[in-house]
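Listed in order, the protein sequences are those of chains A and B.
The numbers in my numbering rise by one with no breaks, and the one at position 57 of the first sequence is 57.
In my numbering, each residue carries its 1-based index in the second sequence increased by 1000.
For every residue, glycine included, the Cβ atom is placed at its ideal position computed from N, Cα and C.
None of these values were measured; they are calculated from a predicted model.
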Amino acid sequence: MDWASASEIARAVANGERSALAVTEAALVRIKSLNPKLNAFTDVVADRARAKARALDRARSEGQPLGPIAGVPFAAKNLFNIKGLSTLAGSKINRSHPSATRDATLVARLEAAGAVLVGALNMGEYAYDFTGENIHDGASRNPHDVARMTGGSSGGSGGAVAGGLVPLALGSDTNGSIRVPSSFCGVYGLKPTYGRLSRAHTFPFVASFDHFGPFARTTRDLALAYDAMQGYDADDPVCADRPVEPTLPTLERGAEGLRIALAGGYFRKGASPEALEAMKRVAEALDVRRELEIPEAERARSAAYVVTAAEGAALHLERLRTRARDFDPAVRDRLIAGAMVPAVLVNQAQKFRRWYRERVLELFNDVDVILAPATPCTAPKIGQQTFVLDGIEMALRPNIGIYTQPISFIGLPVVAAPIPLTPLPIAVQIIAAPWREDLALRVAQALEQAGVASAPRPAI
Amino acid sequence: MMRRSRKTKSVRKVARTVRKAAKPATVKRDPLDDFIAAGARPLDLKIDKTWVPAVRGHLQVTLRHGALVAAFKLPDDAEPAPVFKA
């Protein structure tokens, strides 16, 4: 079952075909064998995982009901609190922090639904990263070509799911950190609406834009995990007090009846032939001909850039004063620059954010879903510093997120659906109006069933 | 008064040019470096001089993005996105 989906594993455990302990042991063996190549995990919690799996098997033998993802191994980006571990957030500095005394809300909710936490995942330092590289723990490596980036900052999450180490992982997305690794690694990722899933008991980055969500190899698994994590959490002041809105019951409705358009203009500029090919395949499969322009998308990306720089710097100011030499220099120098950004620009960016939100929400009067590329290119080589975008050579690190930033800037829900091009996959963004994750998941499911979207199995 | 010949004037001009060219080139300090140094003091940030080129580069990019945002005309009563509720 080393490439089995979370749904298949949960079914096998529920009907007694496999014990949760056997599934857990198999995952631990696979992690041991493949992690030296992929560098996805920074910690493995084998004892905890075995104890949880045994408890599930005992519960089943006693006839107790099991949760919807009982026995499914999963792992979390190492900015989620995991009881007994220091929450690294990809840094050297946080290694001296005391161990967490409780799990992050989302980790606890997945476990309450029966999933089995097996470890913590590599990430870019303090999440200020689109590459998946990490100077302290080494780069996360792409299972489709270990010389290439996973994308970041949830690099270990993308690598672990794409490499088959776990069928499910958690990540965070401030400017694209779920969608970029989904694209480079060829897996599904869901960045829900801002405020939908709890951020409590995690290490933050940019409070204005921080989102959390799942990675999986099927749309159904994304929906399963997402439904299990929904719900208000008083520990996160941003978490919306909304009822749980399950997406699984409507998943099979597919794209039938949905008004879908392609994002043009800014979202075509700079796209590589691979990104355009992925969009073409998706448009043909869904028979979408309509194209619209998201107004001021480029300025939205700029505003997200400014707010990120300033809020990130504010978060780390004390550490920049006292432990500047313990940062990854590439992150430190960006944070110091962020500390110098005039407040008037940040305030203007937040005012523009409201204007832009209103204009984009108007688009959803006429369409239900907007499609856009997730990344301008497929996975670059690890260590690559620049790439060519729209004919101009640019710094790679800050520019991979050109298509993701204008969307997370206003918190829209997005499914990144992998299109299995050869030799490397690339994803498209399926974007819906706030709180309509169900629609984005339905379109992803339609593409998966049409054979257009899929998580390709790497030869590792 | 003796008038200088055209040739003498031209030689002097060439000599001036050669002297100027031979002078060690002075590195022009980027105005942003002063901004960074001035900004670091009240923030109590100690910036190693070897970090300055990278910090300057990131700041230049961020300010370019900021300029694009600032150029967008908004009404005086535009509310920022985060609204505090007491």
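Of the listed residues the options, nearest to residue i (C-alpha basis)
| i | options | result |
| --- | --- | --- |
| residue 462 of chain A | A:75, A:284, A:285, A:140 | Residue 462 of chain A is absent from the model: chain A starts at 1 and stops at 460. |
| residue 340 of chain A | A:113, A:307, A:400 | A:307 |
| residue 467 of chain A | A:81, A:369, A:103, A:38 | Residue 467 of chain A is absent from the model: chain A starts at 1 and stops at 460. |
| residue 236 of chain A | A:72, A:425, A:104, A:403 | A:104 |
| residue 180 of chain A | A:93, A:241, A:383, A:275 | A:275 |
| residue 442 of chain A | A:111, A:163, A:223 | A:223 |
| residue 45 of chain A | A:28, A:122, A:320, A:36 | A:28 |
| residue 118 of chain A | A:165, A:100, A:132, A:131 | A:165 |
| residue 130 of chain A | A:402, A:251, A:423 | A:402 |
| residue 115 of chain A | A:159, A:144, A:37, A:55 | A:55 |
| residue 171 of chain A | A:153, A:186, A:271 | A:153 |
| residue 475 of chain A | A:145, A:371, A:359 | Residue 475 of chain A cannot be examined here, being either before or after the span of chain A that is shown, 1 to 460. |
| residue 39 of chain A | A:132, A:74, A:84 | A:132 |
| residue 375 of chain A | A:427, A:417, A:397 | A:427 |
| residue 357 of chain A | A:24, A:434, A:385 | A:434 |
| residue 466 of chain A | A:156, A:417, A:382 | Examination of residue 466 of chain A is not possible in this model, given that chain A is present from 1 through 460 alone. |
| residue 336 of chain A | B:1034, B:1084, B:1031, B:1046 | B:1046 |
| residue 176 of chain A | A:317, A:398, A:111 | A:398 |
| residue 389 of chain A | A:415, A:410, A:268 | A:268 |
| residue 392 of chain A | A:365, A:271, A:415, A:378 | A:271 |
For residue i: DSSP bridge partner residues
| i | result |
| --- | --- |
| residue 29 of chain A | Residue 29 of chain A pairs with nothing; no bridge assigned. |
| residue 149 of chain A | A:141 |
| residue 213 of chain A | A:171 |
| residue 429 of chain A | A:372, A:416 |
| residue 340 of chain A | Answer is none; residue 340 of chain A lacks a bridge partner. |
| residue 291 of chain A | A:262 |
| residue 389 of chain A | A:392 |
| residue 202 of chain A | A:80 |
| residue 41 of chain A | A:121 |
| residue 190 of chain A | A:415 |
| residue 73 of chain A | A:116 |
| residue 100 of chain A | A:83 |
| residue 381 of chain A | A:148 |
Nearest-angstrom Cα separation, counted from residue j out to residue i
| i | j | result |
| --- | --- | --- |
| residue 216 of chain A | residue 1050 of chain B | 43 Å |
| residue 212 of chain A | residue 1048 of chain B | 35 Å |
| residue 107 of chain A | residue 203 of chain A | 14 Å |
| residue 373 of chain A | residue 30 of chain A | 32 Å |
| residue 263 of chain A | residue 63 of chain A | 51 Å |
| residue 367 of chain A | residue 52 of chain A | 44 Å |
| residue 453 of chain A | residue 283 of chain A | 12 Å |
| residue 184 of chain A | residue 1074 of chain B | 37 Å |
| residue 167 of chain A | residue 161 of chain A | 5 Å |
| residue 78 of chain A | residue 1028 of chain B | 44 Å |
| residue 408 of chain A | residue 66 of chain A | 35 Å |
| residue 92 of chain A | residue 138 of chain A | 12 Å |
| residue 252 of chain A | residue 227 of chain A | 15 Å |
| residue 241 of chain A | residue 195 of chain A | 9 Å |
| residue 42 of chain A | residue 214 of chain A | 18 Å |
| residue 286 of chain A | residue 292 of chain A | 16 Å |
| residue 1081 of chain B | residue 347 of chain A | 9 Å |
| residue 1052 of chain B | residue 1035 of chain B | 11 Å |
Residue i, buried or exposed, once every other Cβ within 10 Å from all chains shown has been counted against 16
| i | result |
| --- | --- |
| residue 3 of chain A | exposed |
| residue 1001 of chain B | In this predicted model, residue 1001 of chain B has a pLDDT of only 42, less than 50, meaning its place in the structure is not dependable enough to derive any value. |
| residue 328 of chain A | buried |
| residue 296 of chain A | buried |
| residue 332 of chain A | buried |
| residue 61 of chain A | exposed |
| residue 232 of chain A | exposed |
| residue 311 of chain A | buried |
| residue 345 of chain A | buried |
| residue 90 of chain A | buried |
| residue 1067 of chain B | exposed |
| residue 448 of chain A | buried |
| residue 430 of chain A | buried |
| residue 72 of chain A | buried |
| residue 437 of chain A | buried |
| residue 189 of chain A | buried |
| residue 134 of chain A | buried |
| residue 459 of chain A | exposed |
| residue 193 of chain A | buried |
Check your understanding: Which residues, taken in chain order from the stretch 332-351 of chain A, show a beta carbon closer than 8 Å to some beta carbon of chain B?
Key -> With the criterion set as a beta carbon lying under 8 Å from some beta carbon of chain B, the members of the stretch 332-351 of chain A are 332, 333, 334, 336, 337, 338, 339, 340, 341, 342, 344, 345, 347, 348, 349, 350, 351, in sequence order.
Check your understanding: Taking Cβ-Cβ distances below 8 Å as the criterion, which residues of the stretch 1070-1082 of chain B are in contact with chain A?
Key -> 1070, 1072, 1074, 1078, 1079, 1080, 1081, 1082
Review point. Listed in chain order, which residues of the stretch 233-250 of chain A have Cβ atoms closer than 9 Å to some Cβ of chain B?
Key: none
**Study point:** Interface positions of the stretch 348-378 of chain A facing chain B (Cβ-Cβ less than 8 Å), listed along the chain
**Key:** 348, 349, 350, 351, 352, 353, 354, 355, 357
Practice item. With 7 Å as the C-beta to C-beta threshold (strictly closer), list the residues of the stretch 204-227 of chain A near chain B in chain order. Key: 208
**Study point:** Contact set between the stretch 111-142 of chain A and chain B, restricted to residues whose Cβ is under 7 Å from the partner
**Key:** none
Review point. Between the stretch 280-311 of chain A and chain B, which residues of the former have CB atoms less than 7 Å from a CB of the latter, in chain order?
Key: Listed by position, the residues of the stretch 280-311 of chain A near chain B (Cβ gap below 7 Å) are 299, 302, 303, 305, 306, 309.
Point to revise | Contact residues within the stretch 388-408 of chain A, judged by C-beta distance below 9 Å to chain B | key: 395, 398
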